Every structure is written in structure tokens, then in C-alpha cells.
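Chemist:
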Amino acid sequence: MRDSTVKWLSRLHSGVFRVTGGRIGTRLVDNDMLLLTTTGRTTGSPHTVPLLYLTDNPDVIVIASYGGRPSDPDWYRNLLANATGTVRIGAVSHSVRATTMDDDERGEWWPRIVDAYADYAVYQARTDRQIPVVRLATLD
124 MRDSTVKWLS RLHSGVFRVT GGRIGTRLVD NDMLLLTTTG RTTGSPHTVP LLYLTDNPDV
184 IVIASYGGRP SDPDWYRNLL ANATGTVRIG AVSHSVRATT MDDDERGEWW PRIVDAYADY
244 AVYQARTDRQ IPVVRLATLD
């Protein structure tokens with residue numbers, strides 16, 4: 124899928140999620156979805172993306188796969204510049220701080236991630252970069 128198509132679908136999904144208060148858009152391919160809002164590293168504007176996630180209560184885990192493209196997704200690069208953001212799961216929002224998992228923690232999580240959504244293994248095989256796994260710790 125082209126980058127412009129991915130961005131358009133992401134905006135559409137985020138809009139439906141917000142307008143319906145999370146009643147529509149919280150599940151995709153039998154997986155839970157959240158909305159992550161980051162601050163643009165160059166614009167300073169808020170940017171919202173829908174992402175699959177796993178839980179490690181109270182934290183959530185997201186994967187910066189970008190479909191196995193050669194570069195990291197913008198939302199991840201935004202978090203590298205400013206580690207704080209907002210997560211919305213259903214109708215509930217929380218402020219979060221992002222940390223990229225180190226190799227050991229990622230190694231522990233990767234089998235669970237692939238078990239939850241097998242395409243992540245395909246994405247990892249498609250790219251030379253190690254796909255980052257990000258822990259979003261609730262601040263409030």
C-alpha cells in the first residue's frame with residue numbers, strides 16, 4: 124500500500140474512532156486498537172494514529188512496524204523527539220510517556236506480539252531495521 128493511502132486510511136480510522144466515542148474502530152482483524160496522539164517533531168502540531176496494541180497493565184505496548192517499510196513511522200519519530208503523548212482506548216484517554224524496549228525486553232515481548240498479530244513477523248522479515256517495540260506508561 125502506498126504511503127499516501129496508509130496516511131489517508133489512518134486519518135479516516137482516527138476520525139471514525141473519535142466521532143463514535145470509540146464504539147467503532149476499537150477492533151481490527153480481531154485485535155484491539157487505540158488512538159495515539161503525538162506532537163509533531165517539526166510542526167509542533169498534534170498527530171493522531173490508530174495502532175494495534177497489547178497490554179501490560181497499566182502500560183500499553185505498541186509496535187512501530189510501518190508495514191515493514193525501511194523507515195520508522197512518523198509517530199515513532201515524534202515520540203523520539205518528545206516522549207509524551209495521549210492514548211485513547213474506547214472513550215478513555217490517558218497521558219503517556221513512551222520508552223523503546225531494549226533488546227532483552229523486546230525479545231521477551233516479540234513472540235507475544237507475533238502471536239497476537241502474525242503479520243508483524245512478515246513486516247520484520249520485509250525490512251532491514253529492527254522494528255521498535257514501545258511501552259506507553261500511563262502518567263495520570
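Position one of the sequence shown corresponds to residue 124 (my numbering), numbered consecutively onward. Where is the CB? At the ideal position from N, CA and C, for every residue including glycine. Please read all numbers here as calculations on a predicted model, not as lab measurements.
1. Does the beta-carbon distance from Leu175 to Arg235 come in below 8 Å?
2. Going by C-alpha to C-alpha distance, which of Met156, Gln247, Arg249 and Thr161 sits closest to Leu203?
3. Using the rule of at least 16 other Cβ atoms within 10 Å of the residue's Cβ for burial, across every protein chain shown, is Gly167 buried or exposed?
4. Kindly indicate which three-state DSSP category Asn201 falls into: helix, strand or coil?
5. Can you tell me the Cα-Cα spacing of Ala241 and Ile184, whole angstroms?
6. Across which residues does DSSP place Ile236 in a beta bridge pair?
7. Taking the C-alpha atoms as reference points, what is the distance between Ala187 and Pro196?
8. Rounded to whole angstroms, what is the Cα-Cα separation between Arg192 and Asp226?
9. Rounded to the nearest angstrom, what separates Val256 and Arg229 at their Cα positions?
10. Among Trp232, Thr209, Leu262 and Val172, which has the Cα closest to the Cα of Ile254?
11. Using DSSP with H/G/I as helix, E/B as strand and the rest coil, what is Asp182?
12. Excluding the 5 residues preceding and the 5 following Arg220 in the sequence, name in chain order all residues of the same chain whose CB lies nearer than 7 Å to its CB.
13. Report the three-state DSSP secondary structure of Asp226 (helix, strand or coil).
14. Under 8 Å by Cβ, that's how I've got Leu157 and Arg211 pegged, so tell me the actual separation to the nearest angstrom.
Modeler: For this structure:
1. Stepping through the sequence shown from its first residue, residue 175 is reached at position 52. Stepping through the sequence shown from its first residue, residue 235 is reached at position 112. It is not a contact, given that the beta carbons lie outside the stated cut-off.
2. To locate residue 203, count along the sequence shown from 1; it is residue 80. Cα-wise, what sits closest to Leu203 is Thr161.
3. By one-based count along the sequence shown, residue 167 stands at place 44. So Gly167 ends up on the exposed side.
4. By 1-based counting over the sequence shown, the position of residue 201 is 78. Note: Asn201 maps to helix in three-state DSSP.
5. The residue labelled residue 241 in the question sits at position 118 within the sequence shown. The residue labelled residue 184 in the question sits at position 61 within the sequence shown. Roughly 16 Å separates the two Cα atoms.
6. As a working mapping, residue 236 is identified with position 113 in the sequence shown. According to DSSP, which records beta bridges pairwise, Ile236 is partnered with nothing at all.
7. By one-based count along the sequence shown, residue 187 stands at place 64. By one-based count along the sequence shown, residue 196 stands at place 73. So the two alpha carbons sit approximately 6 Å from each other.
8. Indexing the sequence shown from 1 puts residue 192 at position 69. Indexing the sequence shown from 1 puts residue 226 at position 103. C-alpha separation (whole angstroms): 20 Å.
9. As a first step, residue 256 must be located in the sequence shown, where it is residue number 133. As a first step, residue 229 must be located in the sequence shown, where it is residue number 106. Between Val256 and Arg229, the C-alpha separation is close to 6 Å.
10. By one-based count along the sequence shown, residue 254 stands at place 131. Comparing Cα-Cα distances from Ile254 to each of Trp232, Thr209, Leu262 and Val172, the minimum goes to Trp232.
11. In the sequence shown, residue 182 corresponds to position 59, counting from 1. Three-state DSSP puts Asp182 in a strand.
12. As a first step, residue 220 must be located in the sequence shown, where it is residue number 97. So the qualifying residues of the chain are Ala206, Thr207, Ala260 and Leu262.
13. Counting from 1 along the sequence shown, the entry for residue 226 is found at position 103. Looking at Asp226 - three-state DSSP - the assignment turns out to be helix.
14. Here residue 157 refers to the residue found at position 34 of the sequence shown. Here residue 211 refers to the residue found at position 88 of the sequence shown. About 6 Å; that satisfies the 8 Å criterion.
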